[in-house]
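Reading the first sequence from the start, the letters are residues 0 to 298 in numbering that gives the first Met the number 0. Written below as C-alpha cells is the structure these notes are about.
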Amino acid sequence: MPELPEVQTVVSDLNKKIIGKKITGIWFDAPKIIKKSAPKNFSALIKGAVIKEVKRRGKNILIYLQKSQRLNVKGQKLLLLIHQKMTGHLLIGKWKIENKKIRPLKPAALKEKVNDYIHFIFKLDDGRMLGLSDLRKFAKVLCGSVEEIKALPELLKIGPEPLAADFNFGQFQKIISKEKRKIKQVLLDQEVIAGIGNIYSDDILWQARIHPFKPADKLSGYELKNIYKAMKMILNKAVNLRGTSISDFRDTAGKAGGYGNIRLVYRRENEPCKRCQAPIKRVKIGGRSARFCSFCQKL
DNA sequence: AGTTGTGTTGAAGA
DNA sequence: ATCTTCAACACAAC
0 MPELPEVQTV
10 VSDLNKKIIG
20 KKITGIWFDA
30 PKIIKKSAPK
40 NFSALIKGAV
50 IKEVKRRGKN
60 ILIYLQKSQR
70 LNVKGQKLLL
80 LIHQKMTGHL
90 LIGKWKIENK
100 KIRPLKPAAL
110 KEKVNDYIHF
120 IFKLDDGRML
130 GLSDLRKFAK
140 VLCGSVEEIK
150 ALPELLKIGP
160 EPLAADFNFG
170 QFQKIISKEK
180 RKIKQVLLDQ
190 EVIAGIGNIY
200 SDDILWQARI
210 HPFKPADKLS
220 GYELKNIYKA
230 MKMILNKAVN
240 LRGTSISDFR
250 DTAGKAGGYG
260 NIRLVYRREN
270 EPCKRCQAPI
280 KRVKIGGRSA
290 RFCSFCQKL
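Have a look at this one:
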C-alpha cells in the first residue's frame, strides 16, 4: 500500500524522469478515477501542459504543470493531484493502446501481473507514457489551478509531515497527546500526522514497544519520545529501501521496494517476535488489522 | 463455490 | 462531537 515511503519513491522517480516533458494526451478505461471535473474537461485542461515539478504531501502526489502562452492567452499554472489509494502505482514506460485493450511493451517489468492493471495513461511528448496500474481502481486523479487544488479539504486538513526538517518532538507530543483514541488509530489518522498507514504504524509501535491499544493521551513523555524516534527511523529506512512491495506497490520502473524483507511485524502474525520469539498477534482496531507482540509491547 | 481478508478515504449512520 | 460501518473494486486464500 502506498504510504509515505512509497509515495516518496514515486515522487523522486518522477522528478528524475519526466521534468520538462509535455503531456500530449490521456487515455483511460475507468472514468471514475477522474474526480472533480468531467473526463472531457479534464482531458482538455491537461493537454499541452509541461511538467515542472513533483512534490509529495502525505500520501498525495502533486504534479505542478505549466500551460504555455499561446496567442493572447496567458500561461496557466495547474496542479495535478494523484492519490494511489490501496493498489494504485505509477509506471513509466510504453504501452500499445487499442480501444479497450492495453499491452505493455517496455520495460519488461511492466509485464508482471501487479503492473498489468493499467486504467489511466498520460502520454508524454518523447513517446514515453506515465501509466497508473490499479487493480481495485480506488485511485484518484484530479486537476485544477494551483490555488483551487491546494484549497481542497483533503490537502488543507492534513497533519504535519513527520520527516520535515522543522518537525520536532514538541510538535509531535502536542498533536498526539491530545488524542483520546488508541495510538494505532491516531498514527493512521492523516489529519493528525501525514503519510503513515498500516504497514509503518505496526512497525513503529513494535519498535517503540508500545501496545497499539494504548490511549494516546495516556502515553508518558518517555513513551512518546520512543514513538517519535521509531517513526523517524523506520520511515527514513523505508524511504532509503524504496518502500514495501509485500502487496501491489512497485516503483515507476515496475520494480519492488526492499522494506518488506526487513519488516518487523506487519503481516508477520504467528511468526516469532524479533526480540522475544513470542508469536506475533493480530487484532482488529476499528476494522483495521494491527500486528504486535503482546510481551514486548506495553499497554 | 461461497466467504473472508486485504486497507485508503469519504460518506453515512448511530 | 465521536464512534462505527460501509462502499468503492478485484482478487487471493481458505
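Heads up, the beta-carbon is just placed ideally off N, CA and C, and yes, glycines get one too.
| Query | Result |
| --- | --- |
| Neighbour-count burial assignment, S244, 16 or more Cβ in a 10 Å radius | buried |
| Candidates G130, L131 and G92, of which the one nearest P106 by Cα | G92 |
| Residue interval of the alpha helix (DSSP H) (run including Q189) | Careful: Q189 lies outside any alpha helix (DSSP H) and carries neither H nor E. |
| Environment of L298 [buried if 16+ CB atoms lie within 10 Å] | exposed |
| Nearest candidate by alpha-carbon position, reference Q83, set K76, R56, K100 and L64 | R56 |
| The segment 227-242 in contact with the segment 205-212 per 3-pair CB rule at 8 Å | yes |
| Residue of N167, A252, Q189 and D133 minimising C-alpha distance to L154 | Q189 |
| Counted within 10 angstroms of its Cβ, other Cβ atoms place P161 as buried (16 or more) or exposed | buried |
| Extent of the continuous beta strand (DSSP E) to which T243 belongs | Element bounds for T243: n/a, residue is neither H nor E. |
| Distance between L13 and I120 (C-alpha atoms, nearest Å) | 15 Å |
| Beta-carbon proximity list for V53, same chain, < 6 Å, skipping 5 on both sides | V10, L13, N14 and I62 |
| Close-in-space but distant-in-sequence residues of the same chain around F294 (CB under 6 Å, 5 per side omitted) | C275 and A277 |
| One or two residues paired with S132 in a DSSP bridge | H88 and I117 |
| Per-residue burial, R301 [other beta carbons within 10 Å of its own, 16 or more giving buried] | For residue 301 there is no data in the structure shown, the boundaries of the chain being 0 and 298. |
| Given 8 Å, three or more beta-carbon pairs between the segment 207-218 and the segment 18-25 | no |
| Proximity test, S246 beta-carbon vs the ligand SAH heavy atom, cut-off 7 Å | Absence of the ligand SAH is noted for the structure shown, with no ligands found whatsoever. |
| Neighbourhood of E178 by C-beta, 7 Å cutoff - its chain only, sequence neighbours within 5 removed | V185, V191, A215 and D216 |
| Straight-line gap, K46 to H118 (C-alpha atoms, nearest Å) | 18 Å |
| Given I182 as reference, the closest of I284, E268 and K34 once Cα atoms are compared | I284 |
| Three-way DSSP call (helix, strand, coil) for E111 in this model | coil |
| One or two residues paired with E97 in a DSSP bridge | K100 |
| Proximal residues to N235 (C-beta, below 8 Å), its chain only, five neighbours per side dropped | L162 |
| Residue range of the unbroken beta strand (DSSP E) whose run includes I175 | It is not in any beta strand (DSSP E) - I175 instead sits in the alpha helix (DSSP H) that spans F168 to S176. |
| Cβ contact (3+ pairs, closer than 8 Å) linking the segment 217-225 and the segment 259-275 | no |
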